[in-house]
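In the UniProt record's numbering, the protein residues as written are 1 to 139.
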């Protein structure tokens, strides 16, 4: 529990596909603990979290043989649903403002655009890796 009556969970693991499953399972547990979330909030926030954590796992690289490590902080409180992902991957620049849906028949490239549409705030910064912040105010 957080000081404002919300719930929070923190997970750390290797940037591998099973970490995506762990994050999404933890998110579902937070939703159940919150109890009074709208289906729209649950669906859109889950979609955004899934898109961002999957991108981290799929596209992150590390120097040398060490794998990328990711920490996920997930919070549900009275005002918002939020997630913060921090990794130690090789820093790259990402243009969130330029993220838009690709052509209809494109097979990839939708993740950031979908996350932007589902959230009230999506930010990315580079600081010894990457820090992603996702926020959806409760409706």
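Don't be surprised by glycine CBs; every beta carbon is placed ideally from N, CA and C.
Check                                                                                                                                                                                       : Outcome
Give every residue of the same chain whose Cβ lies closer than 6 Å to the Cβ of residue 91, excluding the five residues on either side of it in the sequence, and list them in chain order. : 126
Is the beta carbon of residue 74 less than 8 Å from the beta carbon of residue 27?                                                                                                          : yes
Candidates 60, 114, 136, 94: which alpha carbon is nearest residue 14's?                                                                                                                    : 60
Which residues in the same chain as residue 118 place their Cβ atom closer than 6 Å to its Cβ, once the five residues preceding and following it in sequence are excluded?                  : 44, 47, 48
Would you mind giving the Cβ-Cβ distance between residue 70 and residue 85, rounded to the nearest angstrom? I have them listed as a contact below 8 Å.                                     : 6 Å
I'd like the list of long-range same chain contacts for residue 120, defined as Cβ closer than 7 Å, with 5 residues on each side in sequence excluded.                                      : 135, 136, 137
What first and last residue would you give for the alpha helix (DSSP H) that runs through residue 50?                                                                                       : 39-59
Between the C-alpha atoms of residue 89 and residue 80, what's the straight-line distance to the nearest angstrom?                                                                          : 28 Å
Within 10 angstroms of the Cβ of residue 63, are there 16 or more other Cβ atoms? Answer buried if so, exposed if not.                                                                      : exposed
If you follow the alpha helix (DSSP H) that residue 125 is part of, which residue opens it and which one closes it?                                                                         : Counting along the chain, residue 125 falls outside any alpha helix (DSSP H), though it belongs to the beta strand (DSSP E) covering 121-126.
Less than 8 Å between the CB atoms is what I'm expecting for residue 20 and residue 53, so what's the real figure, rounded?                                                                 : 5 Å
What residue range does the alpha helix (DSSP H) around residue 23 cover?                                                                                                                   : 17-34
What whole-angstrom Cβ distance do residue 129 and residue 87 have, given they're in contact under 8 Å?                                                                                     : 5 Å
Expressed to the nearest angstrom, what Euclidean distance is found between the alpha-carbon atoms of residue 10 and residue 31?                                                            : 15 Å
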